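Enquirer: Residue numbers (this note's numbering): 19 to 132.
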Amino acid sequence: MPALIAASHIEVALTNTSRALAICTVAFLVSLRESARYYAARRGLSGEVVVGVARAPEQRIAVQPGRELRQSRVAMPAGGTPYLIRAVVDAGPSDEIVVTVYRTSKIERHWSQA
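(1) How many whole angstroms separate the CB atoms of Thr122 and Ala54, which I take to be in contact at a CB cut-off of 8 Å?
(2) Note down the Cα distance separating Arg61 from Ser130, rounded to an integer number of angstroms.
(3) Between Ala109 and Glu86, what straight-line distance do the alpha-carbon atoms span, to the nearest angstrom?
(4) Considering only their Cβ atoms, is the gap separating Ala105 from Ala72 smaller than 9 Å?
(5) Return yes when the Cβ of Val67 is within less than 9 Å of the Cβ of Ile125, no when it is not.
(6) Mind checking whether Ser90 and Ala74 have CB atoms under 9 Å apart?
(7) When burial is assigned at 16 or more other CB atoms within 10 Å of the CB, is Arg88 buried or exposed?
(8) Could you pull the start and end residues of the beta strand (DSSP E) that Ser90 belongs to?
(9) Please name the residue in His128, Val107, Ile115, Val92 whose C-alpha comes closest to that of Leu63.
Written as C-alpha cells, this is what we have:
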C-alpha cells in the first residue's frame, strides 16, 4: 500500500446571486509507491519536490487512461542547475499515486511544445 505523503484541499463556493449556498471541500490525496520513494531518494529528490510536481505541474501529458506524466522545471539546489522533474501519476477519483519519479537535465528533449 502506498505511503501517504500529503493532502491538499480545494474549496469550492457555490453561490446564488450574492448569497453563498454552500462550501464543499474535496480532498485529493497524493501518495508515493514504495518504489517511487526509493527512486526519489536515490535521485536526490525530496518528498516536497515530488509532491509539488504531482500537485501543480507545468505540463501534464496523458500516457493512458488514468495515468499522466507530470513535469516541471526545478533548479537544484535552489538557484542552481535547472532540471526537469518528471513524475508518472495514477489519478483516481479521490487520490493520486506517484508510480515513479526521475529528473533529467535534457529539458528541451522532453519538454512538450504542444
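The beta-carbon is built from N, C-alpha and C at its ideal position, and this holds for glycine as well. None of the values given here were measured: they were computed from a predicted structure.
Expert: Looking at the coordinates:
(1) Rounded to the nearest angstrom, the Cβ distance from Thr122 to Ala54 is 16 Å, too far for a contact under 8 Å.
(2) Going from the Cα of Arg61 to the Cα of Ser130 covers about 23 Å.
(3) So the two alpha carbons sit approximately 7 Å from each other.
(4) For Ala72 and Ala105, yes; Cβs fall inside 9 Å.
(5) Cβ distance not < 9 Å, so Ile125 and Val67 don't count as in contact.
(6) Their beta carbons are under 9 Å apart, which means Ser90 touches Ala74 by this criterion.
(7) Result: buried.
(8) Run containing Ser90: 85-94, per the beta strand (DSSP E) assignment.
(9) When only C-alpha atoms are compared, the closest one is Val92.
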